[in-house]
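Comments concern the structure below.
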Amino acid sequence: MDRLISDRTNGVPDFSLTDEVMPPTEWPTAGAGMLELRQILSADQRTFLGVDTMITTLVWLLRGYDEEIYEHSCHVADWAVRIGQAMELKSCQLLTLRHAGLLHDFGKLALPRHFWRKSGAFSPDEVRLARRHPRFGSGMLAAVRGLAAVLPGVRYHHERFDGSGYPYGLSGDRIPLIARILAVADSYSAMTTARSYRRAISNDDACRELVRCAGRQFDPFVVRIFLHLAQPTFVD
Ligand SMILES: [Fe+2]
Numbered sequence: 003m004d005r006l007i008s009d010r011t012n013g014v015p016d017f018s019l020t021d022e023v024m025p026p027t028e029w030p031t032a033g034a035g036m037l038e039l040r041q042i043l044s045a046d047q048r049t050f051l052g053v054d055t056m057i058t059t060l061v062w063l064l065r066g067y068d069e070e071i072y073e074h075s076c077h078v079a080d081w082a083v084r085i086g087q088a089m090e091l092k093s094c095q096l097l098t099l100r101h102a103g104l105l106h107d108f109g110k111l112a113l114p115r116h117f118w119r120k121s122g123a124f125s126p127d128e129v130r131l132a133r134r135h136p137r138f139g140s141g142m143l144a145a146v147r148g149l150a151a152v153l154p155g156v157r158y159h160h161e162r163f164d165g166s167g168y169p170y171g172l173s174g175d176r177i178p179l180i181a182r183i184l185a186v187a188d189s190y191s192a193m194t195t196a197r198s199y200r201r202a203i204s205n206d207d208a209c210r211e212l213v214r215c216a217g218r219q220f221d222p223f224v225v226r227i228f229l230h231l232a233q234p235t236f237v238d
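One point on numbering: in my numbering, the residue at position 135 of the sequence shown is 137, and numbering is uninterrupted.
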């Protein structure tokens, strides 16, 4: 695993995130009033608290909109963070990965809930509309102060490594790492979770599918990291 990381990333990879949002290292006492709170917390810590509160609110919105999308988003966030930890990303990057995982499909809220619950196949027009959800999501979240680091994950999580994805057709390392990680976590979660319109497949079968699509749909390096976590016997 160490060799895998150093081969490709030389330490910290091209994670286009800022380091400015860090969790508080000291928490105020329970009795602290708002004035004391402002004095205790640094500007960065206040920013973190504001962002965290905002994301909690957005995730509650997502849950109210559709429980399945919410559960899927939590699943994606958990796996994305595990991949990030295996890649030895910094704590602020892991936090951003978690937030981006939770909000990656937020753009689905731009369309009526019944649109996503359709039982049959989408028409070509519906496919075009569905494929706009990364743009919808990044557009909506761009209006929220403090979420800039999350936007690349939301905007590019359906790009494919070979350039055949959407909405921009980016390829290879032009796709931000945060989005390449989310793509693997997203697909694994989708494949291993049952839906009304399809059955779940096993962990082994999902890993085989990730391997089959490595280099085309997925960053092969991210897939190898994922397999170390989900199915070590697959890794040579
Ligand atoms: Fe999506």
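Heads up, the beta-carbon is just placed ideally off N, CA and C, and yes, glycines get one too.
Leaving out five residues on either side along the sequence, give the residues of the same chain with a beta carbon under 8 Å from the beta carbon of residue i.
{"i": "G109", "result": "R134, H135, P136, R137, F138, G139, S140, G141, M142 and V156"}
{"i": "S204", "result": "T194"}
{"i": "V61", "result": "Y72, S75, L104 and L105"}
{"i": "R65", "result": "Y72"}
{"i": "E128", "result": "F117 and K120"}
{"i": "L192", "result": "The sequence shown places Ala at residue 192, not Leu. Correct list, in chain order: H74."}
Can you find the residues in the same chain that come closer than 7 Å, C-beta to C-beta, to residue i, ignoring five residues on each side of it along the sequence?
{"i": "A181", "result": "P154, G155, Y158, H159 and E161"}
{"i": "R10", "result": "Low local confidence applies: a pLDDT of 47 at R10 is under 50, so the model's placement there is unreliable, with the coordinate-based value given in what follows. Same-chain partners within the cutoff: F223."}
{"i": "L184", "result": "V78, A82, A102, G103, H106, G155 and H159"}
{"i": "L225", "result": "First, the residue type needs correcting, since residue 225 is Val and not Leu in the sequence shown. For V225, where only same-chain residues beyond five positions count, the Cβ hits under 7 Å are V186, L212, V213 and A216."}
{"i": "D188", "result": "V78, H106 and H159"}
{"i": "Q87", "result": "L96"}
By Cβ distance below 6 Å, which residues in the same chain neighbour residue i in space, the five residues on each side in sequence not counted?
{"i": "R100", "result": "A79 and V83"}
{"i": "I177", "result": "Y158 and E161"}
{"i": "A202", "result": "T194, T195 and A196"}
{"i": "L19", "result": "The pLDDT assigned to L19 is 40, lower than 50, so where the model puts this residue is not dependable; a value taken from the coordinates is nonetheless given after this. Answer for L19: Q95, T98 and A151, listed in chain order."}
{"i": "T58", "result": "none"}
{"i": "L113", "result": "none"}
Specify the secondary structure class of residue i as computed by DSSP and reduced to three states.
{"i": "F108", "result": "helix"}
{"i": "F220", "result": "strand"}
{"i": "Q233", "result": "coil"}
{"i": "G116", "result": "The identity of residue 116 in the sequence shown is His, whereas the question assumes Gly. In this structure, H116 counts as helix in the three-state DSSP scheme."}
{"i": "A145", "result": "coil"}
{"i": "Y168", "result": "coil"}
{"i": "R162", "result": "coil"}
{"i": "F124", "result": "coil"}
{"i": "P178", "result": "coil"}
{"i": "S191", "result": "helix"}
{"i": "L91", "result": "coil"}
{"i": "R226", "result": "helix"}
{"i": "R134", "result": "coil"}
{"i": "S140", "result": "helix"}
How far does the alpha helix (DSSP H) with residue i in it extend, from its first residue to its last?
{"i": "Y199", "result": "Premise fails: Y199 is in no alpha helix (DSSP H) and is neither H nor E."}
{"i": "Y72", "result": "E69 to A88"}
{"i": "L212", "result": "N205 to C215"}
Please output, in chain order, the residues near ligand 1 using a CB cut-off of less than 7 Å to any non-hydrogen atom of the ligand. H106, D107, H135, P136, H159, H160 and D188
Fill in: Touching by the beta-carbon criterion (3+ pairs, under 8 Å), the stretch 89-98 and the stretch 125-133
Contact between the stretch 89-98 and the stretch 125-133 is absent, because fewer than three Cβ pairs lie under 8 Å.
Does the stretch 160-174 come close enough to the stretch 212-220 that 3 or more CB-CB pairs lie under 8 Å? With the cut-off at 8 Å, the stretch 212-220 and the stretch 160-174 touch.
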